[in-house]
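This report refers to the structure that appears directly beneath it.
2 protein chains.
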Amino acid sequence: MEVVDHLAEERSKAEFDVEAMKIVWAGSPQALEVSDRISKLVASDPVFRKDNRPMLSRKDLFKNTLRKAAYAWKRIIELRLSEEEAAKLRFFVDQTAFTDLHWGMFVPAIKGQGTEEQQQKWLPLAYKMQIIGCYAQTELGHGSNVQGLETTATFDPQADEFIIHSPTLTSSKWWPGGLGKVSTHAVVYARLITDGQDHGVHGFIVQLRSLEDHSPLPGVTVGDIGMKFGNGAYNSMDNGVLRFDHVRIPRDQMLMRVSQVTREGKYMQSNVPRQLVYGTMVYVRQTIVADASCALSRAVCIATRYSAVRRQFGSQNGGPETQVIDYKTQQSRLFPLLASAYAFRFVGEWLKWLYMDVTQKLQANDFSTLPEAHACTAGLKSLTTSATADGIEECRKLCGGHGYLCSSGLPELFAVYVPACTYEGDNIVLLLQVARFLMKTVSQLGSGMKPVGTTSYMGRAEHLMQCRCDIQRAEDWEKPRAVLEAFEARAVRMSVACAQNLSKFANSEEGFAELSADLVEVAAAHCQLIVVSKFIEKLQQVIPGKGIKQQLEMLCNVYALFLLHKHQGDFLSTGCITAKQASLANDQLRSLYSQVRPNAIALVDAFNYSDHYLGSILGCYDGNVYPKLYEAAWMDPLNESVVPDGYHEYIQPMLKQQLRGARL
Amino acid sequence: MEVVDHLAEERSKAEFDVEAMKIVWAGSPQALEVSDRISKLVASDPVFRKDNRPMLSRKDLFKNTLRKAAYAWKRIIELRLSEEEAAKLRFFVDQTAFTDLHWGMFVPAIKGQGTEEQQQKWLPLAYKMQIIGCYAQTELGHGSNVQGLETTATFDPQADEFIIHSPTLTSSKWWPGGLGKVSTHAVVYARLITDGQDHGVHGFIVQLRSLEDHSPLPGVTVGDIGMKFGNGAYNSMDNGVLRFDHVRIPRDQMLMRVSQVTREGKYMQSNVPRQLVYGTMVYVRQTIVADASCALSRAVCIATRYSAVRRQFGSQNGGPETQVIDYKTQQSRLFPLLASAYAFRFVGEWLKWLYMDVTQKLQANDFSTLPEAHACTAGLKSLTTSATADGIEECRKLCGGHGYLCSSGLPELFAVYVPACTYEGDNIVLLLQVARFLMKTVSQLGSGMKPVGTTSYMGRAEHLMQCRCDIQRAEDWEKPRAVLEAFEARAVRMSVACAQNLSKFANSEEGFAELSADLVEVAAAHCQLIVVSKFIEKLQQVIPGKGIKQQLEMLCNVYALFLLHKHQGDFLSTGCITAKQASLANDQLRSLYSQVRPNAIALVDAFNYSDHYLGSILGCYDGNVYPKLYEAAWMDPLNESVVPDGYHEYIQPMLKQQLRGARL
Ligand SMILES: Cc1cc2nc3c(=O)[nH]c(=O)nc-3n(C[C@H](O)[C@H](O)[C@H](O)COP(=O)(O)OP(=O)(O)OC[C@H]3O[C@@H](n4cnc5c(N)ncnc54)[C@H](O)[C@@H]3O)c2cc1C
Ligand SMILES: Cc1cc2nc3c(=O)[nH]c(=O)nc-3n(C[C@H](O)[C@H](O)[C@H](O)COP(=O)(O)OP(=O)(O)OC[C@H]3O[C@@H](n4cnc5c(N)ncnc54)[C@H](O)[C@@H]3O)c2cc1C
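So the sequences go chain by chain: A and B. Going by our numbering, the first sequence opens with residue 3, and the numbers climb by one from there. Going by our numbering, the second sequence opens with residue 3, and the numbers climb by one from there.
Written as structure tokens, this is what we have:
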């Protein structure tokens, strides 16, 4: 195909330096260099092709995943890639696989919960992939309620072993990624029982399969749990089911950093604080927030480019029709998602910092900020994953009919992304945790306890409960202070109102249960404030590059005012703004969309995604959509023959009125 | 498996007569009888099994669809089913197929746009399926903008024929269901050109394939456009691509009811009014609204039953944990969807009536209500399909991790449903049409023109602009009058405000474009009012059966107050209600949820869906979820062998550190 950049004119409209924005998005020039280099490496290697993925059968898809994983590992070794580069490579291969869990959960679990000794024994094996591990927590009957897990690990002092057992059907491990077909080992969460006493859920390293021939060890029943949402998508992963029939493991395979069982069978706590586990959670959720900005930006990139290519209606005198990106309805759906992608990127960056901060404090035995950090990451995980899941589907709809084709890339992106709303904490359950923390914070306001971190605005509750928004013209909404105060006032007022309603209940747990739907809204308001405030903080940094600051200010404003418009009811009912001010915000939003419009394509180019990574005909860099769609269609297996398989048995007898006698 | 009704206790809690509610849902005792009988017929026939559908390759799935379609047709003939019964049978077979378009679009197009003669010639062939037809309108380059289609039909007076041609790549027909592999004929929309003059888009009956061997006729290039969203789902349909290279058809294959081309090549309008086409649109969209209530109720049935089976947290003294349906957050997400399913059912019923009413009026040459009926169906199509698509996904999330499995049925239901937001009019484009109609209605208010039908409340604009809501206690929100007036006031005030903003623009088209995002919100407010008001009207009918009326009143209230809460911002900013009243509505909503709770299972039982139709382990009637999930897992192709295909090539070399030399 002739290579013409159909979006060249769009690109020429940009009012900022795209290369500088690429650095902002990547985080640093060095990060951009790595990401660019590895992305090209993957894109240019035929083994990593993925354009036929949706057409593969489950078995072929799975085999292909094994191939890619092995090949990626081979390349990582051959090229002596650093840890960062290796992670990037897996990221750009873009096929969910057992390695995600091996590196993302198995290794961190051992690091976080294993003793020095255990780490020394197991980590080198894992680092070389001489063993492959997964994270086996969830069971058929229990996911959110980890404390309710039923698998047992009973200590047998005679043998100095634990007996791992699945006492009921619902105690079957169910969901762990990589478990079904690949993992040789698992960190298994089970109720620790010593001398008839139940000590609750603990982690154990359990070997599942022979390292010789991969057959499951005696007492281990293991398999895949079956197809999941979408073509391709998460079906490349072997989420598994696992049952134990009195499987014995040595005592030293209990992860003993925080608590131990001694040779005599005594259960003991070490002097390492339990809160350490929160550190791991903060880490994992921080990566989920970063992933959200990737997934959303990818969908937005596709929808934005296609919206500039697609023309529909509005042709005058036989001229070209209007690009759909010029419709205000399209802009009002698309641009807030573009802004959200940037917002999530920056809050993700900040979370990375938070994790380091928390880790340092933990090492210094300072646990003061941990509950706040924990609530904050839980809330941000919930907010960003929900918004991203919805946002991807909205991007798909923004592409009209063609978005429904697998070749648009959006169906698979959606299907593979949505479980992020469920795993690592169901999003509603997480918001309830945030709400609980907020109610506690409010209740302590009088007591002189100073709220820290992302709740510190609550320390100004008195002011925020009665302040008045002084916006008088649409442009006044450009002032970060005014925006921030409106969000703070809304969050505080909703929190306080809920706390007051709670106090009317004799039993506070009952009150919490009864008002939980409201509490979720309170938590959401708080989390939105965090994202807005971190975006505003980001703008206070020095960010070099022509026009960059202006673009980011514009996006920050779009994000905040879009939220304000969407949740107008909150702002109005708490009296934080007036109806007139809400309407001015809406006017301002409209004028911001016009400012985004000429920069839209460049703003998605700044993600620096290769066509390979995007995996979308609608989103291809050159915008040459129609010929590519047309050519791709003919690749479908159904087009292998002109007359379809089944014609003679089924169609012909129907047309010829010969069904009566037919055996079908 | 032992058959125990795990939901028996739930069923015993119902405060109404489920059998009577089944009749309400079905529409009449007779409709229930038919539906129940046909549903059982389908469920008991092994040919119609669909539990392995998500695992089939595209080709196998397609062949299976051909088989089911042929077999269904055979059964229809053998059992001499009536038209209603045949349609029900296809409905319960529940596999999207070319027959949907044949019966749902091809036949109605000929009926609506063909002359008497044409109908006599073509309909008998279509009725017997001696020909199979599709509806070929959309092209690669044009969907929403039908007037922009590029395919040409040029009249050749010499031969008395039309020459159908695809002049550009973007003029390729693209999307028509049933086109890719099956249809022998199509109604093709093309620009009519006589004597060099372009008369715009018209419909033509074009034969595509030989009736002898199914090969495409000369000049016809046809194929499938490739995989679409999801496993199974819409991939059973052969949405097609079609190009014409100067294909000739006789003149009498132009659909000539409304306009004709004479033997001499003269273009003429008949005395049949053009508006007739709107009649067909009203018909098709009415079926879409009915389908929305089916799809949503199905998802709600699954999520409700599973929420009663699933227990998580809250065990006291070793007793059972809390059913997740008892969590207020779960209720606040689920019950509004349950109420929506009922609301859409009733508005769908009313649309059926509207269609008949419009048809009668058309026959009497009365076009007065047509624009309003058209706007109303466009709006309701948009509202119900958007809400249903979102609702299905919410139901999936309500099922936690297990909802992500194909065996939950929800992923496929979502994937097969979502294009309803796009086909038959993109939902945003439709809302803009509604908005246009509303602005026109507002502008004529002063002129003495009386708004009709669903806009008649605008005739009371003066009152509604200044009325005050008199709610003082939560229970006051039970009064339908108060609810209705709040919705009417909101819709009028938003309309009028938008009209005023529009009037500030010198060029009204520019104004419309600039304010289009607001206009979409106005249209949505109007459509929500329609659904609420039709639900309230339904309650004014006599509806027999113990407790039925109460249940419906409760659901109506849930639906309305849920919307009010969700769109609080609208109600507050227009001053229709106060913040205090909004908060009372929320209190009332909470107490309504408690009233729904004991009836929830019975309310979904009333849909009378068989386990076959539901196609969901999580939603199975007896609630015996876990053993069924466990057994289904082992059916996955990946579990055919314990050691996966690819182990020797990829996993073993990795574990054994032998990748360096390996050829992968
Ligand atoms: C693709 C995918 C990959 C996964 N990978 C792994 C893995 O590698 N290892 C692993 O161990 N697990 C894994 N999981 C499991 C995952 O962690 C759980 O599914 C998740 O924790 C949610 O738990 P659940 O499924 O039990 O949901 P449930 O808790 O059953 O949720 C059902 C509904 O109940 C509601 N609910 C539950 N509790 C409450 C409450 N207290 N208050 C209000 N509402 C409530 C929820 O909001 C939800 O609407 C994976 C899951 C998926 C989908
Ligand atoms: C599963 C499926 C089955 C189908 N079956 C058939 C069939 O049998 N026969 C057939 O002929 N067609 C069929 N179609 C095609 C379908 O009718 C079109 O996809 C639909 O009309 C939408 O048009 P589009 O794809 O051109 O969207 P576009 O118009 O390109 O929409 C893209 C975006 O532009 C926006 N937009 C477009 N115009 C405006 C405007 N004026 N103002 C503001 N925003 C605008 C839309 O809101 C959307 O966000 C099918 C499609 C699907 C997905």
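We put the CB at the ideal spot given by N, CA and C, even for glycine.
Taken in chain order, the whole alpha helix (DSSP H) runs of length 4 or more contained in the segment 547-573 of chain A are 550-568.
A residue is called buried when at least 16 other Cβ atoms come within 10 angstroms of its Cβ; Asp520(B) meets this threshold and is buried.
Annotation for Trp177(A) indicates a beta carbon within 8 angstroms of some heavy atom of ligand 1. According to DSSP, Arg60(B) shares a beta bridge with no other residue. Contacts with chain B at 9 angstroms (Cβ-Cβ) do not include Gln160(A). Distances from the CB of Cys136(B) to the heavy atoms of ligand 2 include at least one below 8 angstroms. Scanning chain A for C-beta atoms nearer than 7 angstroms to the C-beta of Lys330(B) yields Ala515, Glu516, Ser518 and Ala519, reported in chain order. Out of Met656(B), Arg665(B) and Leu244(B), the CA that lies nearest to the CA of Tyr129(A) is found in Met656(B).
When only Cα atoms are considered, Ser449(A) and Ala463(A) end up about 13 angstroms apart. Taking the Cα positions, Ala488(A) is about 29 angstroms away from Cys397(A). For His528(A), the uninterrupted alpha helix (DSSP H) run begins and ends at Ser518 to Gln542, by DSSP.
Contact between Ile207(B) and Leu257(B) holds, since their C-beta atoms are separated by about 7 angstroms, short of 8 angstroms. Below the 8 angstroms Cβ cutoff, chain B contributes Leu657 as neighbours of Thr186(A), in chain order. In the DSSP assignment, Phe439(A) falls within the alpha helix (DSSP H) that extends over Asn429 to Ser445. If you draw a 10 Å sphere on the C-beta of His248(A), you find fewer than 16 other C-beta atoms in it, and that means exposed. As the crow flies, the alpha-carbon of Met637(A) is around 7 angstroms from that of Gly228(B).
For Leu244(A), the enclosing beta strand (DSSP E) begins and ends at Gly242 to Phe246. Close to Gln362(A), with beta-carbon spacing below 9 angstroms, lies no residue of chain B; the smallest spacing is near 34 angstroms.
Interface flag for Phe315(B) against chain A is set, since a Cβ pair is found closer than 9 angstroms.
In the DSSP annotation of this structure, Ile304(A) is not part of any beta strand (DSSP E); the continuous alpha helix (DSSP H) holding it starts and ends at Leu278 to Val311.
In this structure, Phe315(B) has its beta carbon less than 8 angstroms from a heavy atom of ligand 1. Distances from the CB of Asp392(A) to the heavy atoms of ligand 1 are all 8 angstroms or more. At a Cβ-Cβ threshold of 9 angstroms, Ala99(B) and Asp293(B) do not count as neighbours. Annotated as distal: Gly549(A) and Glu12(A), with beta-carbon spacing of 9 angstroms or more.
At a threshold of 8 angstroms, Cys401(A) counts as near ligand 2, since its beta carbon sits closer than that to one of the ligand's heavy atoms. Taking 9 angstroms as the CB threshold, Glu651(A) lines the interface with chain B.
Excluding five sequence positions before and after Ile603(A), the CB atoms of its chain that fall closer than 8 angstroms to its own CB belong to Leu9, Glu12, Arg13, Lys15, Ala16, Thr306, Arg307 and Ala310, given in chain order. Among the residues of chain A, those whose CB is under 8 angstroms from the CB of Leu171(B) are Tyr628, Pro629 and Tyr632, following chain order. Runs of the beta strand (DSSP E) lying entirely within the segment 70-134 of chain B, each at least 3 residues long, are absent.
Here the segment 605-620 of chain A does not lie against the segment 32-45 of chain B, with fewer than 3 beta-carbon pairs under 8 angstroms apart.
Not one heavy atom of ligand 1 sits closer than 8 angstroms to the Cβ of Val360(A).
9 angstroms or more divides the Cβ of Gly180(A) from the Cβ of Lys52(A). Distance from Arg483(A) to Thr576(A) at the Cβ level is roughly 19 angstroms; contact not present, criterion being Cβ atoms closer than 8 angstroms. Secondary structure note for Asp226(A): its beta strand (DSSP E) is the uninterrupted segment Val222 to Asp226. Put simply, the CB of Ser59(B) is near chain A, with a gap under 9 angstroms to one of its CB atoms.
Two segments are said to touch when three or more pairs of C-beta atoms, one from each, lie closer than 8 angstroms; by this definition the segment 188-197 of chain A touches the segment 132-145 of chain A.
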